[in-house]
Amino acid sequence: MRLIPILMILLPQFLQAQERKICKPEIHNILTFEDRYEPIYERVVLLSKKDLSASEKKELDSLFGVVEGLGYDGSVYETMGAECSWYCAGGPYRITASSSLKSAGKTDYIPANIHDFSYKTVWAEGVKGYGIGEYIEYHFQPGNTQITEIRIANGHVKSDKAWFENSRVKTIKMYFNGEYYLTLELNDTKALQSFKLDKPLGITEGEKDWVLKFEIADVYQGDKYDDVVISELFFDGIGDH
């Protein structure tokens, strides 16, 4: 009879372990950015604006000379080059979040920053504490190509100072159309981390959108701030393009 109470205690733990599928990352090169390349990013920002003020036009003119002197014609903060990728045929059309940190001057922390292909900008959750349970959602149209890999730049990777001061994600629960799918275990590193899926994920037919949700489950605490920051979360996959 003593066996029954023991089973009642162990069974929920066993079932929980069965439901919790762990995915560990492949670690790539450490992301490092030199301060001398900052003008490159500033030029890209100004070039993306439609209407420039007189002072902004003057600043843009001055930046052209600085950037040419550096001998670099792109953005050092870009996650990928101009070559064709999975995004030629796929990708989310909308990104939403449960919360976002309030803007500080010209710097914002909106959901779109997590998928703008720039390591310079970030999404940060906006609740008190370490953001456990806060999430970000990627919305895909039906017929979209399928995902085979998730890539994450964890923390505020633009500088060592920003990375250490802000909190980072330790584990993320991933949901597919509202149902738990797996748990991503991240290393506490500035390196890009990639997670290979067991099988392609997505809905290639039908009329309804499909949604990927990434929920903060545990964190690495920052030295100064409890705000949890992710620089980039993007994908690779399969499909025609």
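In terms of my numbering, the sequence shown opens at residue 4 and continues consecutively.
Heads up, the beta-carbon is just placed ideally off N, CA and C, and yes, glycines get one too.
Self-check item: Segment contact, 8 angstroms Cβ cut-off, at least three pairs: the region 100-111 with the region 172-183
Solution: In short, these stretches do not touch, since the Cβ pair count stays below three.
Exercise. Could you have a look at residue 228 and say whether DSSP puts it in helix, strand or coil?
Key: Correct three-state label for residue 228: coil.
Self-check item: Distance CB(residue 213)-CB(residue 120) smaller than 8 angstroms
Solution: No.
Quiz item: Thinking just about the alpha-carbon of each residue, which of 93, 169, 145, 28 is nearest to the one in residue 210?
Solution: The candidate whose alpha carbon is nearest that of residue 210 is 145.
Exercise. Look at the alpha carbon of residue 148 and the alpha carbon of residue 186, and state the distance between them as a whole number of angstroms.
Key: Near 22 angstroms, if we compare the C-alpha coordinates of residue 186 and residue 148.
Quiz item: For residue 170, is the classification buried or exposed, using 16 other Cβ atoms within 10 angstroms of its Cβ as the cut-off for buried?
Solution: Looking at its Cβ environment, which holds 16 or more other Cβ atoms inside 10 Å, residue 170 is buried.
Practice problem: Tell me, please, which residues DSSP counts as bridged to residue 185. | Solution: DSSP output for residue 185 lists 177 as bridge partner(s).
Quiz prompt | Short Cβ contact (8 angstroms threshold) for residue 194 with residue 30 | solution = The answer is yes: Cβ separation under 8 angstroms.
Quiz item: Who are residue 140's beta bridge partners in DSSP?
Solution: Residue 140 is bridged to 99, 216.
Quiz item: Hey, quick one: how far does the beta strand (DSSP E) through residue 199 stretch, first residue to last?
Solution: Per DSSP, residue 199 belongs to the beta strand (DSSP E) from 194-204.
Practice problem: Assign residue 75 to buried or exposed, taking buried as 16 or more other Cβ atoms, counted over all protein chains shown, within 10 Å of its Cβ. | Solution: Below a pLDDT of 50, predicted positions are generally treated as unreliable, and residue 75, at 40, falls in that range; no measurement from the model is reported.
Practice problem: May I ask you to verify whether the region 189-209 touches the region 126-139, counting CB pairs closer than 8 angstroms and requiring at least 3? | Solution: With a cut-off of 8 angstroms, the region 126-139 and the region 189-209 do not count as touching, because too few Cβ pairs lie within range.
Quiz item: Bridge partners of residue 237, per DSSP?
Solution: Note: residue 237 sits in a beta bridge opposite 154.
Quiz item: By how many angstroms is the C-alpha of residue 140 removed from the C-alpha of residue 158?
Solution: A direct Cα-to-Cα measurement between residue 158 and residue 140 gives close to 18 angstroms.
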